[in-house]
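Asks:
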Amino acid sequence: MTSAVRDPELLSSCPSCGMTIPRAAECCYCSGATSPARRVSEFKLALAAVPALVIALVLLSLAWDRETPIAQSADLTRADAYDHVRVTGVVTEVEFDDTDYDASDVFSFWVKDKSVPDGDPGLKIKVEGLVLHKIMDGGLLPEIGDTVDVEGAFQAGRNFRQIAVKTAGMVRIVERGKPTPGAVETD
Amino acid sequence: MDCGMILQCVGISLVGMLIAAAASLVPGLHIYNVIALTMVFVFEVKELFPNMDMMVLTSFMVGLVVGFSMLFTISSQFFQPCDDSSRYIMLPHEKFLFERRGHEAVLLSAVGGMVAVFFISVAIPIFGTYFSGLRKILTPHLYWIIGAVMVFLLMTEWPKDPGTGPTPLKKMFDGWGALLMGYLCFVLSGLLGVFTFFRTTVPVDSAFQSLMPVFVGLFAIPSQITTILAGVRYPPQHVAKSAEVYAEDVVRGSASGLLAGSFASMIPAMTPGPAMLLSGHATVTGGDRQFIIGGGAGRMMYYVGALLFFFMPGVFLRRGGAAINISLVFVPETDAQFYLVTGIIALTGALSFLLVFGYSRMSIWIARKVNYKWISALGMAIMAALVWHVTEWQGLVIMTTATFIGLIPNYWHTRRINLLAVLLVPMFLSLSGLGGDVAQALGIF
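Protein chains in written order, with my numbering: chain Z, 2 to 188; chain G, 99 to 543.
1) Leaving out the 5 sequence neighbours to the left and right, which residues in its chain are closer than 8 Å to K471(G) when beta-carbon positions are compared?
2) Could you check whether the Cβ of I172(G) sits closer than 8 Å to any Cβ belonging to chain Z?
3) Closer than 7 Å to a non-hydrogen atom of the ligand ZN - does that hold for the CB of F217(G)?
4) Consult DSSP for E142(G) and reduce its assignment to one of helix, strand or coil.
5) Please name the residue or residues paired with E43(Z) in a DSSP beta bridge.
6) Using the beta-carbon count (16 or more within 10 Å), is T265(G) buried or exposed?
7) Under 8 Å by Cβ, that's how I've got D147(Z) and I174(Z) pegged, so tell me the actual separation to the nearest angstrom.
8) What are the boundary residues of the beta strand (DSSP E) that includes S363(G)?
9) Flag D347(G) as yes if its beta-carbon sits less than 8 Å from any beta-carbon of chain Z, otherwise no.
10) Can you tell me which residues form a DSSP beta bridge with V112(Z)?
11) For E43(Z), which residues in chain G fall below 9 Å Cβ to Cβ?
12) Of the residues A75(Z), L141(Z), L48(Z), which one's Cα is nearest the Cα of K113(Z)?
13) What number of angstroms, rounded off, separates the C-alpha of V312(G) from the C-alpha of E27(Z)?
14) If you draw a straight line from the alpha carbon of V343(G) to that of Q335(G), how long is it in whole angstroms?
15) Listing by chain order, which chain G residues have their CB less than 9 Å from the CB of E68(Z)?
16) Here's the rule: buried if 16 or more other CB atoms are within 10 angstroms of the residue's CB, otherwise exposed. What is M2(Z)?
17) In terms of alpha-carbon separation, which member of G130(Z), L63(Z), S62(Z) lies closest to D101(Z)?
18) Skipping 5 residues on each side, what residues in its chain have a beta carbon closer than 8 Å to that of V55(Z)?
19) Assuming A214(G) contacts A395(G) (C-beta within less than 8 Å), just tell me the rounded distance between them.
20) Give me the Cα-Cα distance between V204(G) and L452(G), rounded to the nearest whole angstrom.
21) Buried or exposed: where does C101(G) fall if 16 or more other Cβ atoms within 10 Å of its Cβ makes it buried?
22) Which of helix, strand or coil does DSSP assign to E192(G)?
23) Under DSSP, the alpha helix (DSSP H) around G386(G) begins and ends at which residues?
24) In the DSSP assignment, find the unbroken beta strand (DSSP E) run with S13(Z) in it and report its ends.
25) When the Cα atoms are used, what is the spatial distance from V132(G) to V95(Z)?
26) For Y401(G), count neighbouring C-beta atoms within 10 Å of its own C-beta (all shown protein chains included) and say buried if the count is 16 or more, exposed if not.
27) With a 10 Å radius around its C-beta and 16 neighbouring C-beta atoms as the bar for buried, classify S152(Z) as buried or exposed.
28) For A165(Z), would you say it is in contact with chain G, using Cβ-to-Cβ distances shorter than 8 Å as the test?
29) Under the rule that 16 or more other beta-carbon atoms within 10 Å means buried, what is N423(G), buried or exposed?
30) Return the residue from the list K269(G), F158(G), V302(G), L356(G) that minimises the CA-CA distance to F139(G).
31) Count the other CB atoms, across all protein chains shown, that sit within 10 Å of the CB of V485(G); report buried if there are 16 or more and exposed otherwise.
32) Classify P311(G) as helix, strand or coil using the three-state DSSP reduction.
33) Assuming contact is defined by CB atoms lying nearer than 8 Å, are V164(G) and G447(G) in contact in what I supplied?
34) For G120(Z), does the count of other Cβ atoms within 10 angstroms reach 16, so buried, or fall short, so exposed?
35) DSSP has V151(Z) in a bridge; who is on the other side?
36) Measure the Cβ-Cβ separation of V247(G) and P372(G) and say whether it is below 8 Å.
This is how it looks when you write it as structure tokens:
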């Protein structure tokens, strides 16, 4: 180091590596910029978290606000296959297929809303396996006459349409009711 | 969605983030190893609380992944210094460490991670559905894309010796030695991958974690062993109160990282490493800062962005260990769930970014007080115990085999990227329809 650089007035500390260096635009050890104008303070960097927190609040409020729109079951066609749909209506039929294995048990029920013509049992809702047992454990298995609110994956093919329920919480009983006339229970 | 449910999910995601912060102190420990252990815990919780909504446990995993993606490289930065006797290439963040500015490298990486959090929480909800179309376009072409990546990896291997041998024969041997060992790594890893994909010996109950011992053996344990054997000392670190960062570096580094992360999200068997290598060439990124920022963005985009696609209505892309493990207990369905997960990502991303400042200081303090060799030894013991716990003795055997392959790059100065053949080769074979035939020819199917 030259005698001129030994002068404390001409020395500084590199903001990047902390080494004592002669005053210059770049550190002679790490080549880091020494001018504050070319650096961003930790505080300013930390401020980047603020807009992310605002975005988080917006997204969480969207989650709070967002509900799956209720579809009219008669309007659901093959074009809607694999979509997540929601229907509400009265349970007109139930069917329980008890197998040797809990994971293979199937419970089906039919939901009739205003769009379904008279004489038609409505849209089939299928619940199976562990999801079914979770609903049964919670005492929330729909019965004939109940008004229900159901969400699930819509499945459709030639002459069949149904909603497959994948999560127990997606079968909600709005109101326990009395059996509708002509309702059928099968086993 | 019910407000109480949202609060529960947010709260548990913060717990996940804090657990990720604690686990990130173990250098080399991968997020998917933690998830593997978490899954064992999740199954127990599921039994204990059968009526618990799986969305709550899913939120915990999301917090875990986000926290880990932001923090897990910090411990490697300070506890696994590069030893030039065992590694030929010193990456920019290692160079920063030896220039006493490891903290600044951590800040730059976190900036990249934060840009990715913005991208994930804003761009994916708006434009994410286009990924569904892109996925449909890419699906029939995946096999040759993976094949092209393999060719690129092999072509970009180069002789590391400076050519100072006394005889032409010695010079040729020195030049080809590292090259051939790189190719050997590729072949051995590929064979291990074919074995793992087509006939692993991991017990059936742990089959969903069959890759865990392979990855721990190929990447984590060799790094720990090398660190334990290393004699390198690095200078005391300066905790910079500011970072040299320019808008151009942020834009170009992040663009490169986001491109790499998106590519890795869409292409099976692709990880941020090779994806960054490709995108770095494609976007002509230059300089240490752009590399470090790109790395932070790429990791976040790959681990977290890919996970968000799993929740996206209409996409439901199951890519990466986190999504695969979550899919064992949870089926995403609604828009509300998607927004909840995206909100949790933005929240835990922002909070883990804020954690970085203190976390880096704490890591520097630990590295000053405790010999990093002991930290690596502890990390190695934890990982071996994890492998044994999740995949039993069969997993330990696979891990040991993989460790021998994983040590080759360290001692023959080849790139560790060749080890990713463990995923690329079997995936290429499966997607091209040759997997069964090759496995049969090798006698493992």
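We put the CB at the ideal spot given by N, CA and C, even for glycine.
Computed from a prediction, not measured in an experiment: that's the story for all the values here.
Replies: For this structure:
1) Within the second sequence, numbered from 1, the residue matching residue 471(G) stands at position 373. Cβ neighbours of K471(G) beyond the five flanking positions: T325, I326, A328.
2) Taking the first residue of the second sequence as 1, we reach residue 172(G) at position 74. No, because no Cβ of chain Z sits closer than 8 Å to the Cβ of I172(G).
3) As presented, the structure is devoid of all ligands, the ligand ZN included, so that no description of it is given.
4) Within the second sequence, residue 142(G) is the residue found at index 44, counting from 1. Reduced to three states, the DSSP call for E142(G) is helix.
5) Counted from its first residue, the first sequence places residue 43(Z) at position 42. None, per the DSSP bridge assignment.
6) Numbered from its first residue, the second sequence carries residue 265(G) at position 167. Exposed: under 16 other Cβ atoms inside 10 Å.
7) Position 146 of the first sequence, counting from 1, holds the residue named residue 147(Z). Position 173 of the first sequence, counting from 1, holds the residue named residue 174(Z). Yes, D147(Z) and I174(Z) are in contact; Cβ-Cβ is about 5 Å, under 8 Å.
8) Taking the second sequence and counting its residues from 1, the one referred to as residue 363(G) is at position 265. Careful: S363(G) lies outside any beta strand (DSSP E), inside the alpha helix (DSSP H) at 345-364.
9) Taking the first residue of the second sequence as 1, we reach residue 347(G) at position 249. No, D347(G) does not count as interfacial toward chain Z.
10) On the first sequence, residue 112(Z) is found 111 positions in, with the first residue counted as 1. Paired residue(s): V92(Z), L124(Z).
11) For this step, residue 43(Z) is matched to residue 42 along the first sequence. L205, A338, K339, S340, A341, F455, listed in chain order.
12) One-based indexing of the first sequence puts residue 113(Z) at position 112. Among A75(Z), L141(Z), L48(Z), the Cα nearest to that of K113(Z) is on A75(Z).
13) Residue mapping note: residue 312(G) aligns to position 214 of the second sequence, counting from 1. Residue mapping note: residue 27(Z) aligns to position 26 of the first sequence, counting from 1. Cα-Cα distance, rounded: 45 Å.
14) In the second sequence, residue 343(G) corresponds to position 245, counting from 1. In the second sequence, residue 335(G) corresponds to position 237, counting from 1. One C-alpha to the other measures close to 19 Å.
15) To locate residue 68(Z), count along the first sequence from 1; it is residue 67. Going along chain G in sequence order, the residues near E68(Z) (Cβ under 9 Å) are M99, T432, D433, A434.
16) For the purposes of this step, residue 2(Z) is taken as the residue at position 1 of the first sequence. The predicted model places M2(Z) with a pLDDT of 46, which falls under 50 and marks its position as unreliable; any figure quoted below should be read in that light. Classification for M2(Z): exposed.
17) Here residue 101(Z) is taken as the residue at index 100 of the first sequence, counted from 1. Among G130(Z), L63(Z), S62(Z), the Cα nearest to that of D101(Z) is on G130(Z).
18) Here the question's residue 55(Z) lines up with position 54 in the first sequence. Cβ neighbours of V55(Z) beyond the five flanking positions: none.
19) The residue you call residue 214(G) lines up with position 116 of the second sequence. The residue you call residue 395(G) lines up with position 297 of the second sequence. Their Cβ separation, rounded to whole angstroms, is 4 Å, which keeps A214(G) and A395(G) in contact under 8 Å.
20) Taking the first residue of the second sequence as 1, we reach residue 204(G) at position 106. Taking the first residue of the second sequence as 1, we reach residue 452(G) at position 354. Between V204(G) and L452(G), the C-alpha separation is close to 12 Å.
21) Start at 1 with the first residue of the second sequence, and residue 101(G) comes out as number 3. Per the 10 Å Cβ criterion, exposed.
22) In the second sequence, counting from the first residue as 1, residue 192(G) sits at position 94. Note: E192(G) maps to helix in three-state DSSP.
23) Sequence index remark: in the second sequence, residue 386(G) carries index 288 (1-based). Looking at the sequence provided, one finds Asp at residue 386(G) rather than Gly. That run of the alpha helix (DSSP H) goes 386-398.
24) As a position in the first sequence, residue 13(Z) is number 12, starting the count at 1. Start and end: 12-14.
25) Here residue 132(G) is taken as the residue at index 34 of the second sequence, counted from 1. Here residue 95(Z) is taken as the residue at index 94 of the first sequence, counted from 1. Rounded to the nearest angstrom, the two C-alpha atoms are 44 Å apart.
26) The count along the second sequence starts at 1 and reaches residue 401(G) at position 303. Burial call: buried.
27) Stepping through the first sequence from its first residue, residue 152(Z) is reached at position 151. A quick correction: the sequence has Glu, not Ser, at residue 152(Z). Under this definition E152(Z) is a buried residue.
28) Mapped onto the first sequence, residue 165(Z) falls at position 164. By this cut-off, A165(Z) is not an interface position.
29) To locate residue 423(G), count along the second sequence from 1; it is residue 325. N423(G) comes out buried.
30) One-based indexing of the second sequence puts residue 139(G) at position 41. Nearest option by C-alpha distance: F158(G).
31) As a first step, residue 485(G) is located in the second sequence; it is residue number 387 there, counting from the start. Buried: at least 16 other Cβ atoms inside 10 Å.
32) Translated into the one-based positions of the second sequence, residue 311(G) becomes position 213. The answer is helix: DSSP assigns P311(G) an H, G or I state.
33) Translated into the one-based positions of the second sequence, residue 164(G) becomes position 66. Translated into the one-based positions of the second sequence, residue 447(G) becomes position 349. Result yes, Cβ atoms of V164(G) and G447(G) sit closer than 8 Å.
34) One-based indexing of the first sequence puts residue 120(Z) at position 119. Exposed is the call here.
35) Indexing the first sequence from 1 puts residue 151(Z) at position 150. Answer by DSSP bridge pairing, in chain order: V88(Z), V172(Z).
36) Residue 247(G) sits at position 149 when you count from the first residue of the second sequence. Residue 372(G) sits at position 274 when you count from the first residue of the second sequence. Yes, these two residues count as a Cβ contact at 8 Å.
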